[in-house]
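Q: Take a look at the following structure, please.
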Amino acid sequence: MPTRTVARPIRKSVEAPFRSARTTPAEMLAIGQDDHISAATPAQPQASPDPSPTPAVPLAPHGQSRLDRWRGSAWLLWRDGSASRANIITAGKLGGSQAGLRLDYDLTPASSGRAAAYGRVTAALNRPASPEGALGLAWQPSRAIPVSIAAERRIALGKGARDANAVLAVGGFGPTPVFLGLEAEAYAQAGMVGFHRRDLFADGKFSLLSPIARLPLRIGASVSGGAQPGVERLDVGPEVQLRLPLPQVSARLSIEWRERIAGQASPPSGLAVTLGADF
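Going by the working numbering, the first residue of the sequence shown is number 26, and it counts up by one from there.
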């Protein structure tokens, strides 16, 4: 179908299996697991503070510094079998290699809910890199419930990226004990990019892992998938996680085999390596 236009990756916000249990949904956009809708080109496919004069950001409560209100995430995802141009034209690309950085600032540290302003930059590791920035606001109604909604402006920083507004809902949780010594972690997000084209997208991942005694290793399996206009995929496979003991940083290396069991999106089944850090 050489005349078909397929969406380029949006790139998640979005957020990742290396999140801690206190991860807020808005931060889940930094997962870097799957691509999202960006610019679309023919035959080449690929998700503010109150302007009043008074300060929009409340003062930090006693005992909490402004530094405590900042959170950051960085990630690098490498996928084996990068899509060829022919594959992209016929089937589209979803879940390709990428890197990104995200910073969040808590606007309501004393509230039971959490409002945050954030900025993000992402780029694919294949050509075109489609570098993209984003500025947005996220609202989590309850800090005890890991679900949030966000609105952002995506800014094209190079060829293949897209200038567009986006709205999305995000949810998930970090490593959580479930049964028989196993730990589960998951994220999911869905939203719309562009108020004119209104491209819808959704993606998510669920991992079930078993800790290895006295080692920072987890071994288990995962299922992940995503969908956006004209392209979708579902992958399953084994996963190994190594949690890196770094001071003041929650870092994790994840190695997976992602077997594509549904959909035709590139890249094909293969190895996926994710390095992520929260700080």
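For each residue, glycine too, the CB sits at the ideal point set by N, CA and C.
Is Gly251 near Asp228, with beta carbons less than 7 Å apart?
A: yes
Q: Within 10 angstroms of its Cβ, does Asp131 collect 16 or more other Cβ (buried), or is it exposed?
A: buried
Q: On the DSSP bridge assignment, give the partners of Phe231 in chain order.
A: Ala211 and Val248
Q: Are there 16 or more other CB atoms within 10 angstroms of the CB of Ala297, so buried, or fewer, so exposed?
A: In this structure Ala297 is buried. Its beta-carbon is surrounded by 16 or more other beta-carbon atoms within 10 angstroms.
Q: Note down the Cα distance separating Asp188 from Ser137, rounded to an integer number of angstroms.
A: Separation of Asp188 and Ser137 (C-alpha to C-alpha, rounded to the nearest whole angstrom) is 33 Å.
Q: Taking the beta strand (DSSP E) that Ala163 belongs to, which residues open and close that run?
A: Glu157 to Gln165
Q: Suppose the cutoff is 6 Å on Cβ atoms and the five residues either side in sequence are ignored; what does the same chain contact list for Trp103 look like?
A: Ser122 and Val298
Q: Quick one: what does DSSP say Asp224 is sitting in, helix, strand or coil?
A: Three-state DSSP puts Asp224 in a strand.
Q: How many Å lie between Pro166 and Thr133 at the Cα?
A: 11 Å
Q: Can you name, in chain order, every residue of its own chain whose Cβ lies under 6 Å from the Cβ of Ile174, other than the five neighbours on each side?
A: Trp164 and Ala194
Q: Would you mind working out which of Leu234, Phe226, Asp224 and Phe198 sits nearest Leu205, comparing C-alpha positions?
A: The option with the nearest alpha carbon to Leu205 is Leu234.
Q: Use the C-beta contact count for Leu300: other C-beta atoms within 10 angstroms, 16 or more gives buried, fewer gives exposed.
A: Around the beta carbon of Leu300, 16 or more other beta carbons lie within 10 angstroms, which makes this residue buried.
Q: Can you tell me whether DSSP reads Arg168 as helix, strand or coil?
A: Coil, per DSSP.
Q: Could you tell me which of Gly196, Val261, Trp100 and Asp224 sits nearest to Ala211, measuring between CA atoms?
A: Gly196
Q: Assuming contact is defined by CB atoms lying nearer than 7 Å, are Ala159 and Arg179 in contact in what I supplied?
A: Going by beta carbons, Ala159 and Arg179 fall inside the 7 Å limit.
Q: Using the Cα positions of Gly255 and Leu242, report the straight-line distance between them to the nearest angstrom.
A: Cα to Cα, the separation comes out at about 38 Å.
Q: Going by other Cβ atoms of all chains shown within 10 Å of its Cβ, with 16 needed for buried, is Trp95 buried or exposed?
A: exposed
Q: Starting from Pro19, trace the beta strand (DSSP E) in both directions and tell me its first and last residue.
A: Residue 19 is absent from the structure shown; the chain starts at 26 and stops at 304.
Q: What did DSSP end up calling Ser73 once you bin it into helix, strand or coil?
A: For Ser73, the pLDDT reaches just 31, beneath the cut-off of 50, and the residue's location in the model is therefore unreliable, leaving the point undetermined.
Q: In the DSSP assignment, what residue or residues form a beta bridge with Ala238?
A: Paired residue(s): none; Ala238 is not in a bridge.
Q: Can you check DSSP and say which residues form a bridge with Ala124?
A: Leu101 and Ala148
Q: Lys184: buried (16+ other C-beta within 10 angstroms of its C-beta) or exposed?
A: exposed
Q: Which residues mark the beginning and the end of the beta strand (DSSP E) in which Phe198 is found?
A: Unbroken beta strand (DSSP E) run through Phe198: Ala189 to Pro202.
Q: For Leu225 and Arg239, I'd like the C-alpha separation in whole angstroms.
A: 44 Å
Q: Could you give the residue range of the beta strand (DSSP E) that holds Arg285?
A: Val274 to Gly288
Q: Please return the same chain residues whose Cβ sits closer than 6 Å to the Cβ of Ala302, not counting the five positions on each side in sequence.
A: Ala99, Val274 and Ala276
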